[in-house]
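S.K.: I have a structure I would like to understand better, so I am pasting it below and will then ask my questions one at a time.
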Amino acid sequence: MKHSLTEQMIRTAAGLLEDNKTCFVGSGLPLAAASLAKKTHAPNLILVFEAGGFDPEFTRLPLSVGESITFYHATYAGGMDDIMGDAGKGMVDYGFLGGAQIDMYGNLNSTVIGDYFHPKARFPGSGGANDVGSLCFKTIAIMRHEKRRFLEHVDFITTPGYLDGPGGRERAGLPAPGGPWRVVTTLGMMGYDDETKRMELLGVYEGVTKDDVIKETGFELIIKAEPEILPAPTSEEIRIFREEIDPVGVISGKSKGKD
């Protein structure tokens, strides 16, 4: 079954999430990938939401992380202070976020494009994204891979990555261990070099080369070896995504006539 780049990206991100772990999940692409993980290899993955929902049962994909469905048949219905407190106490394994921009150290911008006071575009801002990147053990970012998004310096740091490099998180008083772990895009998957904390190319999709990734990245990626060819989604994974997770095409963009 032929798949789209969005479906490949969601499948790759879903594959990173392990069963019997906790995941603080953001809206949109992260939520779709986390839902696919629960419906396939990680049925006991516990999803938590900033508004206070803890391990809900979905009858459909929530439109936002604060929608009432994030409390439906939940293990418990708490508040924002409960969820943030759990993350602060080291009880959340994965943070899973999208963003408009990312830099080589994994700092994410979901606040503003351009000057903060005279922006070209303004977005909803942090919500819980700062807390997720600050407090969870491993942060996964998922986003479309374009040079305008992968920048040497983001216009605004909404979510801290490794800030200005080695030791940056520690100097800012953020708990260790913790921080950026993986970036999943429409071209492949990146991680971070242990020594320099800079983004490193790990894998690409079939038909994508490392040169394709370099061309769409606005900073120098660390490339230590030929990138792995990442598995394509199976026919069953595509069916689940199209029929159970995104039947009207909100995530894939097909409801608007886009991929």
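Each number in the numbering used here corresponds to the 1-based position in the sequence shown with 15 added.
Every residue, glycine too, gets a C-beta built ideally from N, C-alpha and C.
If you're wondering where the values come from, they're calculated on a predicted model, not measured in any experiment.
#1: Along the alpha helix (DSSP H) that carries Ala48, what are the first and last residues, could you check?
#2: So what's Gly129 in DSSP terms, helix, strand or just coil?
#3: Considering only the beta carbon of each residue, do Gly110 and Val147 sit closer than 8 Å?
#4: What would DSSP say about Ala282, mapped onto helix, strand or coil?
#5: Report buried or exposed for Lys273, applying the criterion of at least 16 other Cβ atoms within 10 angstroms of its Cβ.
#6: Give me whichever residues DSSP pairs with Pro195 in a beta bridge.
#7: Classify Thr27: buried if its beta carbon has 16 or more other beta carbons within 10 angstroms, exposed otherwise.
#8: Measuring only the C-alpha atoms, how far is Tyr91 from Ser83?
#9: Counting only the same chain and skipping the five closest in sequence on each side, list residues whose C-beta sits under 7 Å from that of Glu161.
#10: Leaving out five residues on either side along the sequence, give the residues of the same chain with a beta carbon under 8 Å from the beta carbon of Glu215.
#11: Rounded to a whole number of angstroms, what is the C-alpha to C-alpha distance between Gly58 and Ala52?
#12: Give the straight-line distance between the Cα atoms of Pro192 and Phe152, rounded to the nearest whole angstrom.
#13: Round the Cβ separation of Thr200 and Met24 to the nearest angstrom and send it over; I've been treating them as touching at under 8 Å.
#14: Between which two residues does the alpha helix (DSSP H) carrying Arg254 extend?
#15: Going by Cα to Cα distance, which pick from Leu31, His18, Met16 is closest to Ile157?
#16: Can you name, in chain order, every residue of its own chain whose Cβ lies under 8 Å from the Cβ of His168, other than the five neighbours on each side?
M.R.: Looking at the atomic coordinates:
#1: 44-54
#2: strand
#3: yes
#4: The structure shown does not extend to residue 282, since the chain is modelled only from 16 to 274, so the question has no answer here.
#5: Any reading at Lys273 is ruled out, since the residue's pLDDT is 48, under 50, leaving its predicted position unreliable.
#6: Thr154
#7: buried
#8: 13 Å
#9: Glu231
#10: Met205, Gly206, Tyr207, Asp208, Leu236, Ile237, Ile238, Lys239
#11: The amino acid occupying residue 58 in the given sequence is Pro; Gly does not appear at that position. Straight-line Cα distance between these residues: approximately 7 Å.
#12: 6 Å
#13: 6 Å
#14: 250-255
#15: Leu31
#16: Asp118
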